[in-house]
Every structure is written in C-alpha cells, then in structure tokens.
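In what follows, a structure is listed as structure tokens, so that the remarks can point back to it.
Number of protein chains: 2
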Amino acid sequence: MHSYASIRNTAYECINLPDGSKADFAVFGRSLRLGGAGTDTNGSCSMATRSQPPIKRTVTMQDVGERAGVSQSTVSRVLSGSSPGIPISEETRQRVLDAVKELGYYPNLHAGSLRGQKTRMISMMIADIGNPFYHPMVRAVQDIAHGHRYDVIVTNTDHMRENEMLFCESIIRRPVDGVIMVPYHLGNEDIEMVIERSGAAVAVLGQHITHPLADVAFGDDDIATREAVTWLIEEKGHRRIGFIGVTNRFSAGERRRLAFLESITRAQLAFPGEYHQVGDWSPESGERAMRRLLSLPEPPTAVFVCNDLMAIGAIEAAVQAGVRVPEDVAIIGFDDIPIASWTRPRLSTIAQFPAAMGEAMARAIFERIDGEYEGPARRFEFPCKFIEREST
Amino acid sequence: MHSYASIRNTAYECINLPDGSKADFAVFGRSLRLGGAGTDTNGSCSMATRSQPPIKRTVTMQDVGERAGVSQSTVSRVLSGSSPGIPISEETRQRVLDAVKELGYYPNLHAGSLRGQKTRMISMMIADIGNPFYHPMVRAVQDIAHGHRYDVIVTNTDHMRENEMLFCESIIRRPVDGVIMVPYHLGNEDIEMVIERSGAAVAVLGQHITHPLADVAFGDDDIATREAVTWLIEEKGHRRIGFIGVTNRFSAGERRRLAFLESITRAQLAFPGEYHQVGDWSPESGERAMRRLLSLPEPPTAVFVCNDLMAIGAIEAAVQAGVRVPEDVAIIGFDDIPIASWTRPRLSTIAQFPAAMGEAMARAIFERIDGEYEGPARRFEFPCKFIEREST
DNA sequence: CGAATACTAGCATACGAATGCATAAACGTC
DNA sequence: GACGTTTATGCATTCGTATGCTAGTATTCG
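Residue numbers (my numbering), protein chains in the order written: chain A, 1 to 392; chain B, 393 to 784.
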C-alpha cells in the first residue's frame, strides 16, 4: 500500500564502494514490506516450523545471504569491506549488494554492541537541559557525533549526586564508546570506575578532574571573575559588593567564590556574611537571593552572580523592588547565554564558550575511539571574556 | 587503590526482592576491581587459554554463577524474577545475590537488546535543542523514561527533511522500544515504516499524523491564533497586521498562517503580500523579517509572529529602528518560552504546554511498551492560552 | 515400598554479526 | 598427472542473556 517514497529515495546507497571505501549504510529497499513478496526464489520465512506466524520484521544477513545464494559470512565480508586478505569475487559482491537493496537490509547495531565492537553511541551527562548554557555544548557534541554516525544519549542530573551516580551505573549496564560529562559531585574515583568497567573514552567538563585518562575541558573562570570584580571596584568605584553563588565544594561556583573573595580582600573591602547569598542556579533562586540582599540595612551597590539565570532573577527582583539597575545596584552574571542580551537592561556578564568546550570534548573522545590518540589526559583551557552591557 | 566510595554506597541493592517485586539493578560491588581479588574460589579468568592477558573487564552471569556454584541460567532466573513456574531455593538465591554483590555484577543491556527483549532505550527527535520550547518536552520525556529506567537518545533535525529521514534509518539500525518525534516533513508512510521495521511504540507531536498506531499530541494553535488575531482587531483596533511565519506545508507555522488569514478575512481587512514575511524560527530571522516589515511604506501596526524566538528578534529590530513597542507596533509571539517574560517589553504570546505534551507522549509509549495499552492511536489535544503582557 | 509429584537446577539454543579456520575449486608448475 | 598455490566461500564460534526442555533429588501418596 504505502510506497515509502521519501525514505526510499534517500541518497545513501553506499555500502561498500568498489574503490574500497566503506560505509555502514544500506538503503534503497526496493520493497521494504517484509514477508509478503511471494515470488522470491526462497523468500519464505526460514522459521516456518515455529508455531508463531512467520512474520519476521528484521532483515538479517542470513536473509540477504539466502537471497543472494551465499552464506551469512560472505554477506558480512562484502558489507564490512572484507579484511584485505580475503577476496570476494565481483560477481558475488554484486549479487549480495543487489539482495541488500531488494530486501532493504540494515545492519543491526545491537549485535555489534554485544560482540564488543563499536556501539556507535556516546552518552552525555549534563546538569539541566533547561539551562541554555548547555545547549551549544550538547549541540556541538551531537553534531560531531552524528558526523561520525553516532547517536547520543543525553541525561540530566539536576546537580544531584544520586543522579550522577545513576548515570555511571547506566554506563556500566550499557557500555558506550564515549562519555562526556559535566559532574558536580563525581570525582576521579568514579571516573576511574566508569573507564575501567566500560572501557569508554571519557571527557569531562571540570577543572578538578585529574584522572590520567579523562580528557578535560574548563574555562578560566577564576581569572575572569577576578578581572570583573576588580573592574567593578577600580573602574566603577563599588565598595559594597554582594555575591550570589551556590553550594558545592567542587563546582565552578565555588571556584568563582574564592576568586571573588580574593579580589575583595586584595582591595581591602569588607565582605559581611550577609553579602554572600546562595542559590541553585535557577532564576527563581536568584530572585530570592537578590531580595534578601536588597532587604539588608545597607544593601550592596553591586552584585556578582554566579550564572546568568540567577542574574536574570536578580534583575527581576530589583525591578519588582523598584530598585534601578544599574543606577542603584549593578548586576553582573556569568555564561553569556543568549537571553543575557535580550533582557532590559541587557545583562553584563562573563562569556564562556560552551560550543567550543563541547567540540573539544567530542573531538577528544572520538580521537580516542578512532585510535588516533592514546596518550595521557589532555587539558583544554578556554578563556572567558567579560562583556559589558547595561546592567553595570 | 581507589575505593569507589561514592558509587559503592548507593542505595540500590534491589535486584529481586524476596516479596517477588523485581528490579534490574545490581550494585554494591564489595570490590569493584576486577581480576585482582586473588583468593576467589575459582575466580581466575575462564578464558585463560587465550593468548591475551586474562584481563576481563566485564562481569557476566557466568562469573556470578561460578562464584555462587550454580549455572548461568540459574543466575539469570534469580535476577530476572524467575518465571513463576520455576522455583529457586532460598539458599541458592541468596548465594547468587551475594556473588552479585561481591563481583559488582551489572546486567549487560546490549545482550537483552540483541535477544529482542526490551532495549531500555527510547529515541527522541526534535527540531532544535537551542529552542527553549523543546526543553520542557525533552525534560518531561527524560524524567518519565528515567523513572522506567530507560535512557533517551536525543536528536536534532534542524527542521531538515534529510535529517528526519536519517533519524528513521537510525532507528531501523538500532531498534528501540519507543520513539517520540516532532516531524516537520515526515508523513504517515515514514512512520509506518519505522513501526513496521523496528516494532517501536511511536508518539508524535503533530496534528497531521494519522497513522493507526502512532499516538499523537498537538495543540489547538489554530483556535488560539484566531482568538488572538481577533483580539488584536476587535479589542485593540488594529487594521494593518503583519505576519511572520515559516515555509513548510506540514508545520504548525502553516496552520497558524491559515488561521491568521481566516481571521483577517473574516474582519474584511486587507492583507497585502508584503505583510507576509518568512523566517526560519530563529531570532535572527525574526529580526530580518521585522526589518522588512518596518521598511514598508505603510508598515503594519501589529505583527503576529509564529514563535517567540522570532518575536524576540522582531522586538530587537523595532528597538534598533527606534520604533516603540507596543505604541508604534504591537508584537505577539507563540510558545511562551521563559524568555518571553524577561524581555522588555515583556512579550505577549500564546502559551503552549510542551511539558504536558512531552509527558503525554512519553506516557503513551510506555503504556504500549509495558503492554498496558494496545489499541488504536490516541490523539491528545492541548489547549493553548493567550497571555497578554506588554508588547501588545 | 514403589510410584507419582513436587521442587530444583543444568543443558542447549537463539538473537545478529564478525572472524579464525577449514575447504573447495581453479590454475600453474614440474 | 601429482602437487603447490591462489582464490573464493562456508563452517563454527563468540559476545551476554533468556528460556524451553531435560534431569535429578526430595517429598508424599497409595
């Protein structure tokens, strides 16, 4: 009934070109309907002795072989480019290729995964898809993976340790070729376990990871933080600066807090405890934190916020409280997510480059997967960049 | 050396509880280091005849069986809750469970996938992770999937037909239990093929899909569009209304265009061709489209934009052109992504409920996967809701 | 006391593809 | 014409798990 026109016409008829190049694609099923052809030479289902109706939905190499009058192993060799030592006659190769087309054969990736070949999957762990910071990163990883004909499993942790550990377990249960993660709690031991048990190539966003085999990407957010805070003090003349951060001894938030404190101390400014507020990266938490700061008897005249989402919440809180930004209070964010340039006032922030980070991590693991690199862990550092807009 | 403390302490020791409930988790490896225990009863690698060093990274049921002094099949039955007819003595069960713990055994999901059991994966196709509209949807799907202990493969199509077809092919090559997609080009035939070849449960966001087995979710965006446009005309008194849409005969954009035209026509307003501008869903394209509208000799006093991202671009274009929103031109968007309430002016828009849609689709496929529902396709309609803010 | 009936647990096989090894045919050489 | 060599293909096994079938041991019944 259906013609499957759109799929059928795809331009992927490139299983194993005569010139020796190979591809893992087999398309152009002349008739993708299965089990109904009728006039095949020996097209009846080979499982006919079963009590179940002979409906077989998957086309296997066995089927292709029967159709072409060769064995399954020959089909495998034709399709996989036959290891150089083992020649295949041109006639056989052609018969197999024809049968592949006629039956609409596709290789079953699950089989290869089980045999310990490539799984053609990578797994990616991020904290929250809802945070735009991660989008370009996921994007970059996906694009590179798809270029390698890999699929990507994406998982959120919501910054929770338990979810990060579940992620590791899921990799042991379903080993993949590569893993990219943004851990907030996991340490080198956990990564060691993932590598040892799954054999995957691992890349991590996180300065604190020093596993000898895990490639690492990170931003120099401490430097950028010091520069920005110093700028607030020296250029803008702020003396009372608040800080909205997060709780986690590993995270970038903590690194930024230390860098912030360093700048404050160096300038010999006071930093009362109430000036340090804690959120959870979300706009709502930023809004709450800002409200607390604004309700202080002597509120800060500038606030350094650990990410843009919380900074946006902070702006919102200020607007609602009738406090002008930046006249009454300056706000500075971190990440430079797209929204940052659409708020009013537009948000001053420190740009990171998640797309570049994602790309670096993806390239790193594919170099390992493809055997192009086998050495020790590499560390990719990405400079951050302060962007002055209207909120400071 | 390493203790793997964090993983080891996870609270997932719940393989197959005595009460009959079962879980597919096996954790608490007392010693997750492999091949080094030394004093195992028969812990030496069973593959010792190989020339390769006896480093075996994966712990299999065979290993567990040897440790517990039972066969692999018995281990399987203990762990999988043993089909009711086949009882297992409590002592054996306990020995197996102990061995599982001691060896840190995890089931290998690839094996089950090959055997044609559940793959414990679902695949999700969206147009663009960069568009916040999809986040709550992906989120909802992931959360429900993880609740079922499923992983989610996420793929972008960038609205391109070719990528949508590649997605279908990838599902044939690596069958999954469930598929959720947001197609812009695929039709019923393509979905038929996916279902037939992969056997997956399929749910689709898209009113135009009427496949007898594919559950469908969609919003009543045409109704919402008519209401909003009529409101612009009747309540706000606009007579010259522009439209920024997209090109695609299937997409929601086209449906909204038709609904828009209907309202215009019913009000007997003129709609010159230049008032219809086309973008590609992105803010930049919205900005360009708006610039074209504003440069007309008689620009519209209100513009209906097919999604929020383009509407934000439109606001940007207006601001840059010195045109006041909403005094000089009213702008109305579609989707109600979070950013919409952070722009200035805050964007009036038509809310959709992507989280609810994602949840509906995920529940639908899991009902089919779990065999709780086997009937014909269901259609889940979600009302849209106009939200008046400051841009109109 | 022998036989029927629980209980248990192991053996063998299948899933789909890759690959080492064996084999068959064709050809050339002495 | 026997043998070595090349060329082309098939057989059998492997990956880790689930499961139908078989076999053995206790327990109970006639």
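Note that the Cβ used here is the ideal one computed from N, Cα and C, for glycine as well. Keep in mind that this is a model prediction, so the values were computed, not measured.
**Asked** For asparagine 108(A), does the three-state DSSP call read helix, strand or coil?
**Response** Stepping through the first sequence from its first residue, residue 108(A) is reached at position 108. The answer is coil: DSSP assigns asparagine 108(A) none of H, G, I, E or B.
**Asked** Using 8 Å as the Cβ pair cut-off and three pairs as the minimum, do the segment 146-156 of chain A and the segment 570-578 of chain B touch?
**Response** Below 8 Å, too few C-beta pairs join the segment 146-156 of chain A and the segment 570-578 of chain B to call them touching: fewer than three.
**Asked** Is it buried or exposed for glutamate 561(B), if we count other Cβ within 10 angstroms and need 16 for buried?
**Response** As a working mapping, residue 561(B) is identified with position 169 in the second sequence. Buried.
**Message:** I want to see whether chain A comes within less than 9 Å of glycine 591(B), judged by CB atoms only; does it?
**Reply:** Position 199 of the second sequence, counted from the start, is the residue given in the question as residue 591(B). At a cut-off of 9 Å between beta carbons, glycine 591(B) contacts chain A.
**Prompt:** For a contact meaning CB atoms closer than 8 Å, what does tyrosine 184(A) contact in chain B?
**Reply:** Within the first sequence, the letter at position 184 stands for residue 184(A). Neighbours of tyrosine 184(A) on chain B: none; closest Cβ ~12 Å, over 8 Å.
**Prompt:** Mapping DSSP to helix, strand and coil, what is lysine 510(B)?
**Reply:** Numbered from its first residue, the second sequence carries residue 510(B) at position 118. DSSP places lysine 510(B) in the coil class of the three-state scheme, outside both helix and strand.
**Item:** DSSP state of phenylalanine 745(B) mapped onto helix, strand, coil
**Value:** Locating residue 745(B) in the second sequence gives position 353, where the first residue counts as 1. Phenylalanine 745(B) carries a coil assignment under DSSP once its states are collapsed to helix, strand and coil.
**Asked** Residues of chain A with a CB under 8 Å from the CB of histidine 527(B): which are they?
**Response** In the second sequence, counting from the first residue as 1, residue 527(B) sits at position 135. The answer, in chain order, is Ile129, Gly130.
**Asked** Any Cβ of chain A within less than 9 Å of the Cβ of lysine 543(B)?
**Response** Residue mapping note: residue 543(B) aligns to position 151 of the second sequence, counting from 1. Just to set this straight, residue 543(B) is aspartate in the shown sequence, not lysine. By the rule that beta-carbons nearer than 9 Å mark a contact, aspartate 543(B) touches chain A.
**Asked** Which word fits arginine 50(A), buried or exposed, when buried means at least 16 other C-beta atoms lie within 10 angstroms of its C-beta?
**Response** Within the first sequence, the letter at position 50 stands for residue 50(A). Summary for arginine 50(A): the model assigns pLDDT 31, below 50, so the residue's position carries little reliability; its value from the coordinates is reported in the next sentence. The residue in question, arginine 50(A), is exposed, as its Cβ has fewer than 16 Cβ neighbours within 10 Å.
**Message:** Within 10 Å of its beta-carbon, does proline 299(A) have 16 or more other beta-carbons around it, so buried, or fewer, so exposed?
**Reply:** One-based indexing of the first sequence puts residue 299(A) at position 299. Residue environment: proline 299(A) is assigned as buried (16 or more neighbouring CB atoms within 10 Å of its CB, all protein chains considered).
**Prompt:** Would isoleucine 86(A) be called buried (16 or more neighbouring beta carbons within 10 Å of its own) or exposed?
**Reply:** Counting from 1 along the first sequence, the entry for residue 86(A) is found at position 86. Counting Cβ neighbours within 10 Å, isoleucine 86(A) comes out exposed, since fewer than 16 surround it.
**Request:** Under 7 Å Cβ to Cβ from glutamate 773(B), same chain only, skipping five residues before and after it: list those, please.
**Result:** Counting from 1 along the second sequence, the entry for residue 773(B) is found at position 381. Within the same chain, glutamate 773(B) has close Cβ partners Phe610, Asp612.
**Request:** Under 8 Å between beta-carbons, which chain A residues line up against histidine 502(B)? List them in chain order, please.
**Result:** Walking along the second sequence from the start, residue 502(B) turns up at place 110. Under the 8 Å cutoff, chain A gives His110, Ser113, Leu114, Thr119, Arg174, Pro175.
**Prompt:** Can you find a C-beta in chain B that's less than 9 Å from the C-beta of glutamate 374(A)?
**Reply:** For this step, residue 374(A) is matched to residue 374 along the first sequence. Not closer than 9 Å to any Cβ of chain B, the Cβ of glutamate 374(A) fails to qualify, so no.
**Asked** Using a C-beta cutoff of 9 Å, does glutamate 588(B) count as contacting chain A?
**Response** Residue 588(B) sits at position 196 when you count from the first residue of the second sequence. When Cβ-Cβ separations below 9 Å define contact, glutamate 588(B) makes contact with chain A.
**Request:** Count the CB pairs spanning the segment 654-664 of chain B and the segment 701-716 of chain B that are closer than 8 Å, and state whether there are at least three.
**Result:** Contact between the segment 654-664 of chain B and the segment 701-716 of chain B is absent: fewer than 3 CB-CB pairs across the two stretches fall below 8 Å.
**Residue interval of the beta strand (DSSP E) (run including valine 721(B))** = In the second sequence, the residue the question calls residue 721(B) occupies position 329. That residue, valine 721(B), is in no beta strand (DSSP E); it is neither H nor E in DSSP.
**Asked** Checking contacts by CB at 9 Å: is glutamate 327(A) closer than that to chain B?
**Response** Numbered from its first residue, the first sequence carries residue 327(A) at position 327. Residue-level contact by beta carbon fails for glutamate 327(A) and chain B, as no gap is shorter than 9 Å.
**Request:** Quick one: grab the DSSP three-state call for arginine 785(B).
**Result:** Chain B is shown from 393 up to 784; residue 785(B) falls before or after that span and cannot be answered.
**Asked** Taking Cβ to Cβ, would you say isoleucine 332(A) is nearer than 9 Å to phenylalanine 304(A)?
**Response** As a position in the first sequence, residue 332(A) is number 332, starting the count at 1. As a position in the first sequence, residue 304(A) is number 304, starting the count at 1. In contact: isoleucine 332(A) and phenylalanine 304(A) (Cβ atoms closer than 9 Å).
**Asked** Going along chain A in order, which residues have a C-beta closer than 8 Å to the C-beta of isoleucine 601(B)?
**Response** Counting from 1 along the second sequence, the entry for residue 601(B) is found at position 209. Ordered by position in chain A, no residue passes the 8 Å Cβ test against isoleucine 601(B), which lies about 14 Å from the chain.
**Request:** Counting only the same chain and skipping the five closest in sequence on each side, list residues whose C-beta sits under 6 Å from that of arginine 487(B).
**Result:** Position 95 of the second sequence holds residue 487(B). Counting only Cβ-Cβ distances below 6 Å, and skipping sequence neighbours, we find Ala460.
**Item:** Backbone secondary structure at glycine 178(A) - three-state DSSP
**Value:** In the first sequence, the residue the question calls residue 178(A) occupies position 178. Strand at glycine 178(A).
**Request:** Could you name the residues of chain A that tryptophan 673(B) contacts, counting a contact when the two beta carbons are closer than 8 Å?
**Result:** Within the second sequence, the letter at position 281 stands for residue 673(B). Residues of chain A passing the Cβ test: none, with the nearest at roughly 14 Å.
**Request:** Work out the CA separation of asparagine 108(A) and glutamine 444(B) for me, nearest whole Å.
**Result:** For the purposes of this step, residue 444(B) is taken as the residue at position 52 of the second sequence. For the purposes of this step, residue 108(A) is taken as the residue at position 108 of the first sequence. Model confidence at glutamine 444(B) stands at a pLDDT of 35, short of 50, so the residue's coordinates are unreliable; what they give is reported in the following sentence. Their Cα atoms are separated by approximately 28 Å.
**Prompt:** Does valine 470(B) come within less than 9 Å of chain A when only Cβ atoms are used?
**Reply:** Mapped onto the second sequence, residue 470(B) falls at position 78. Closer than 9 Å: no.
**Message:** Tell me whether the segment 131-145 of chain A and the segment 354-367 of chain A touch, counting them as touching only if at least three CB pairs, one residue from each stretch, are closer than 8 Å.
**Reply:** The count of Cβ pairs closer than 8 Å, one atom from the segment 131-145 of chain A and one from the segment 354-367 of chain A, reaches three, so the stretches are in contact.
**Asked** Counting only beta-carbon atoms, is glutamate 773(B) nearer than 9 Å to chain A?
**Response** As a first step, residue 773(B) is located in the second sequence; it is residue number 381 there, counting from the start. Interface criterion not met: the Cβ of glutamate 773(B) is under 9 Å from no Cβ in chain A.
**Request:** Tell me, to the nearest whole angstrom, how far the beta carbon of arginine 378(A) is from that of aspartate 215(A); I am working on the premise that it is less than 8 Å.
**Result:** For this step, residue 378(A) is matched to residue 378 along the first sequence. For this step, residue 215(A) is matched to residue 215 along the first sequence. At roughly 5 Å, the Cβ-Cβ gap stays under 8 Å, so arginine 378(A) and aspartate 215(A) are in contact.
**Message:** Restricting to Cα atoms, I'd like to know which of Arg346(A), Ile223(A), Gly199(A), Glu254(A) is closest to cysteine 384(A).
**Reply:** Stepping through the first sequence from its first residue, residue 384(A) is reached at position 384. That would be Ile223(A), whose Cα lies nearest to the Cα of cysteine 384(A).
**Request:** Please confirm whether glycine 665(B) and leucine 701(B) have their CB atoms less than 9 Å apart.
**Result:** Numbered from 1 along the second sequence, position 273 holds the residue referred to as residue 665(B). Numbered from 1 along the second sequence, position 309 holds the residue referred to as residue 701(B). Going by beta carbons, glycine 665(B) and leucine 701(B) fall outside the 9 Å limit.
**chain A within 9 Å of arginine 736(B), Cβ atoms only** = Against the second sequence, residue 736(B) aligns to sequence position 344. So, interface residue.
**Request:** Inspect the CB distances between the segment 731-745 of chain B and the segment 594-602 of chain B and report whether three or more fall short of 8 Å.
**Result:** With a cut-off of 8 Å, the segment 594-602 of chain B and the segment 731-745 of chain B do not count as touching, because too few Cβ pairs lie within range.
**Message:** Please tell me whether arginine 57(A) and glutamate 588(B) are closer than 9 Å, where the distance is taken between their beta carbons.
**Reply:** For the purposes of this step, residue 57(A) is taken as residue 57 along the first sequence, with counting starting at 1. For the purposes of this step, residue 588(B) is taken as residue 196 along the second sequence, with counting starting at 1. Yes.
**Message:** Using the Cβ count rule (16 or more neighbours within 10 Å means buried), how would you classify glutamine 669(B)?
**Reply:** Within the second sequence, the letter at position 277 stands for residue 669(B). The C-beta of glutamine 669(B) has 16 or more other C-beta atoms within 10 Å across all chains shown, which makes the residue buried.
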